[in-house]
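Residue numbers (full-length UniProt numbering): 1 to 141.
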């Protein structure tokens, strides 16, 4: 029998000082809560191809809504509101962002996530810009 080589796959890590930038954030609640914004995921040379995307969506339980990629390829962005923490009439307390790094050559696909406070500024305040630091990463099976 011929011994086959053992492939040791590296566990994914979050690159240091990697910050995602959200621009033109707007969110509001009527019958349900909605959001729309642009997000830039910067490129990490020789590691991660960045993207720019436009996202819009509504409260959808625990489901992420795919964003429209404006620049970049092979990777995706999704977003969702977090769960409501109370029934006091306010919307969800946070918005969750997901960056899906696609498989490439022998690299497995990864999913990075980060979150930010959900600010409800529709019709009452200017559009907002803020940064998001990814806080978790998992291998996509």
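Beta carbons are placed, not taken as given, at the ideal position from N, Cα and C, and that holds for glycine.
task = Reducing DSSP to helix, strand and coil, say where residue 18 ends up.
result = Assigned with DSSP and collapsed to three states, residue 18 falls in coil, not helix or strand.
request  = Inspect the CB distances between the stretch 52-71 and the stretch 120-135 and report whether three or more fall short of 8 Å.
outcome  = no
query = Among residues of its own chain, excluding the 5 on either side of residue 96, which ones have a beta-carbon nearer than 8 Å to its beta-carbon?
reply = 64, 79, 80, 81, 82, 113, 114, 115
task = Would you kindly check if the distance between the Cβ of residue 49 and the Cβ of residue 42 is under 8 Å?
result = no
task = Consult DSSP for residue 67 and reduce its assignment to one of helix, strand or coil.
result = DSSP places residue 67 outside both helix and strand once states are collapsed to three, so it counts as coil.
Assigned secondary structure, residue 37 (DSSP; H/G/I helix, E/B strand, else coil) = strand
message = Which residue wins for smallest C-alpha separation from residue 120, given the options 26, 101, 75?
response = 26
ask   = Which term fits residue 133, buried or exposed, when burial requires 16 or more other beta carbons within 10 angstroms of its beta carbon?
value = exposed
message = What does the Cβ neighbour count give for residue 35, buried or exposed, with the cut at 16 atoms within 10 Å?
response = buried
task = Could you check the C-alpha separation between residue 118 and residue 107 for me, to the nearest Å?
result = 33 Å
Sub-8 Å separation of residue 52 and residue 38 beta-carbons = yes
key: Cβ-based neighbour list, residue 135, same chain, cut-off 6 Å, excluding 5 preceding and 5 following   = 114, listed in sequence order.
query = residue 58 and residue 32 look like a contact to me (Cβ under 8 Å); what is the Cβ gap, rounded to whole Å?
reply = 5 Å
query = What are the boundary residues of the beta strand (DSSP E) that residue 122 is part of?
reply = Segment: none, residue 122 is in no beta strand (DSSP E) and carries neither H nor E.
Distance, residue 140 Cα to residue 103 Cα = 9 Å
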